[in-house]
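See below for the structure under consideration.
Numbering (this note's numbering), first residue to last: 2 to 223.
As structure tokens, this is what we get:
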């Protein structure tokens, strides 16, 4: 269903229904999370499942957001627009390949580099928040820097932690994560679609700040 939603998002965007196309990326992310949850609960994780998950991700979180960006903004730049809009797809594919060869077992406590679903959902939430028959100049000027930053973060060595399991043990191990999730829900309720974009920006910034804090801390120890 993850891959199907990504494919449907591309078709929907090609028909000019950009809001629905963006929401379908969120639906794909929901199915992606449910697939992982079911695999863990049933202890049915496998190498085939990992590969299928990556193939689904490259469609839903690589091709779909790239096409959404092309359709809503980059189309006006012809060949240059094609190259720029494809960065999320190309870099995301590299990130998934790197993840697969580094994966040991089927459980992970952190991601090395921004996960491709997070990059895709940042783009989808940006479109939901700021696209109204086009982007205003202020937000249009943000798109290229956003694509370049997201592309860099996906292949960086910055660590992003996984979403904790919803359990008493998970709450004890990572209480801050649950507080963040509650704040995220509150932001969405208060700011609606813009709140979604703020949530993903905040999540990305947390990873960056933690990385530099760790670098400074290690430098002082040396």
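Ideal Cβ positions, reconstructed from N, Cα and C, are used throughout, including at glycine.
Counterpart residues of residue i in DSSP-defined beta bridges
| i | result |
| --- | --- |
| residue 160 | 113 |
Whole-angstrom distance between residue j and residue i, CA atom to CA atom
| i | j | result |
| --- | --- | --- |
| residue 157 | residue 113 | 7 angstroms |
| residue 30 | residue 212 | 25 angstroms |
| residue 216 | residue 159 | 11 angstroms |
| residue 95 | residue 221 | 34 angstroms |
| residue 65 | residue 111 | 25 angstroms |
| residue 152 | residue 210 | 18 angstroms |
| residue 107 | residue 58 | Confidence is the limiting factor: at residue 107 the pLDDT is only 49, short of 50, which leaves the residue's position unreliable, though a coordinate-based value still follows. So the alpha carbons of these two residues sit roughly 16 angstroms apart. |
| residue 129 | residue 123 | 10 angstroms |
| residue 91 | residue 68 | 12 angstroms |
| residue 195 | residue 150 | 19 angstroms |
| residue 218 | residue 32 | 38 angstroms |
| residue 49 | residue 56 | 11 angstroms |
| residue 127 | residue 88 | 17 angstroms |
Environment of residue i [buried if 16+ CB atoms lie within 10 Å]
| i | result |
| --- | --- |
| residue 168 | With a pLDDT of 49 at residue 168, under the threshold of 50, the modelled position of that residue is not reliable, and no figure is offered here. |
| residue 143 | exposed |
| residue 161 | buried |
| residue 3 | buried |
| residue 208 | buried |
| residue 17 | exposed |
| residue 135 | exposed |
| residue 71 | buried |
| residue 131 | buried |
| residue 60 | buried |
| residue 198 | buried |
| residue 84 | exposed |
| residue 115 | buried |
| residue 62 | buried |
| residue 102 | exposed |
Any chain D beta carbon closer than 8 angstroms to residue i
| i | result |
| --- | --- |
| residue 68 | Among the chains of the structure shown, chain D does not appear; only one protein chain is present. |
- Below 8 angstroms, can you find three or more Cβ-Cβ pairs linking the region 14–32 to the region 75–91? They do not touch, by the three-pair rule.
- Query: Of all the alpha helix (DSSP H) runs that stay within the bounds of the region 62–144, which reach a length of 4 or more residues?
  - Reply: Segments of the alpha helix (DSSP H) lying fully in the region 62–144: 65–73, 79–86, 88–103 and 117–131.
- Evaluate contact between the region 131–140 and the region 111–120, counting only Cβ atoms and requiring at least three cross-stretch pairs below 8 angstroms. Cβ pair count under 8 angstroms is below three, so no.
- Okay, do the region 8–16 and the region 85–100 touch, 3+ Cβ pairs below 8 angstroms being the bar? No, the region 8–16 is not in contact with the region 85–100.
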